[in-house]
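One structure is given below, encoded as structure tokens.
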Ligand SMILES: [Zn+2]
Ligand SMILES: [Zn+2]
Ligand SMILES: [Zn+2]
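Numbering (my numbering), first residue to last: 6 to 266.
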């Protein structure tokens, strides 16, 4: 049963073009150099769509990908570029009136509730509240069934934070990690056909894996098709694509990938 994965956004926290920047990539006419904040949609046959992260362009991303109903959202972590489109879940709920289930690390549930408190408590506003249910992911590692799919997660270090990385059968999505844990590498080695993983830029970064580090992750996991996302404005799609090994490519917004069984 193949999975369809859509890159809803392939950009780092600032998006590309970066506001106020006049570098060649930010001024580029190549649509593959325009990057909304990082997010993906995963769909299994005729099953429901699962989205990972709701960044600031979330509404536009769903419109562009023609996704009109959604009840399953996974969160990697709560940096603004991964969750500040949360409010747009309201519109989806008001149309479907079906609960929207979100999964995130249990320690982050109070923080999400605090940031978007009006979605979870009676503020006295008469416009109605969405039915959004927050479900805990396993604390360190484990598998959760979401929309009939087994989703395995591990925690990965991301500076002074952590990020949840996910495996859906032979597909894995990992963004905003500095490295993957040895337990994670051992558990996933040889199991992944296609992996979308963040790479940011060529130069090393304190809290993010850079492209060379991400290439090493692909190699250690024996990934057959590696796709690098969460890219900044130092990366020109055409120029930097040519520097990658033949089994690795750069993500771009709107890219659709079929992951075989
Ligand atoms: Zn990010
Ligand atoms: Zn720039
Ligand atoms: Zn982050």
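The C-beta atom is built at its ideal place from N, Cα and C for all residues, glycine as well.
- Using a C-beta cut-off of 8 Å, the region 157-167 makes no contact with the region 234-249, since fewer than three inter-stretch Cβ pairs fall below that distance.
- Note that the C-beta distance between residue 256 and residue 12 is below 8 Å.
- Take residue 209, set aside five residues on each side of it, and the residues of its chain with a beta-carbon closer than 6 Å to its own are 215, in chain order.
- DSSP places residue 104 outside any beta strand (DSSP E), giving it a letter other than H or E.
- Closer than 7 Å to some heavy atom of ligand 3: that describes the Cβ of residue 84.
- Judged by their CB atoms, residue 236 and residue 16 are nearer to each other than the 8 Å cut-off.
- For residue 22, the shortest separation between its Cβ and any heavy atom of ligand 2 lies below 7 Å.
- Secondary structure remark: continuous alpha helix (DSSP H) runs of at least 4 residues inside the region 71-105, in chain order: 85-88 and 94-101.
- Within 7 Å of the C-beta of residue 28 there is at least one heavy atom belonging to ligand 2.
- Distances between the C-beta of residue 110 and the heavy atoms of ligand 1 are all 7 Å or more.
- Counting the other CB atoms within 10 Å of its CB gives residue 20 a total of 16 or more, which places it among the buried residues.
- Secondary structure remark: continuous beta strand (DSSP E) runs of at least 3 residues inside the region 172-219, in chain order: 176-179 and 199-205.
- In the three-state scheme derived from DSSP, where H, G and I count as helix and E and B as strand, residue 162 is classed as strand.
- Comparing alpha-carbon positions, the option among 83, 187, 57 and 58 lying closest to residue 119 turns out to be 83.
- Excluding the 5 residues flanking it on each side, residue 123 has same chain C-beta neighbours closer than 8 Å at 130 and 134, in chain order.
- By the 16-neighbour rule on beta-carbons within 10 angstroms, residue 66 is buried.
- Counting along the chain, residue 69 sits inside the alpha helix (DSSP H) bounded by residues 63-69.
- Note on residue 231: 16 or more other CB atoms within 10 angstroms of its CB, so buried under the neighbour-count rule.
- Take residue 156, set aside five residues on each side of it, and the residues of its chain with a beta-carbon closer than 6 Å to its own are 149, 171 and 173, in chain order.
- Residue environment for residue 195: exposed (fewer than 16 other C-beta atoms within 10 angstroms of its C-beta).
- For residue 260, the CB contacts under 8 Å within the same chain, skipping 5 residues up- and downstream, are 11, 12, 15 and 232 in chain order.
- For ligand 1, a non-hydrogen atom lies closer than 7 Å to the CB of residue 87.
- Judged by the Cβ position, residue 235 fails to qualify as a neighbour of ligand 2 at the 7 Å threshold, every heavy atom of the ligand being at least this far.
- Going by DSSP, residue 116 is part of no beta strand (DSSP E) but of the alpha helix (DSSP H) stretching over 114-120.
- Of the heavy atoms belonging to ligand 3, at least one sits nearer than 7 Å to the Cβ of residue 181.
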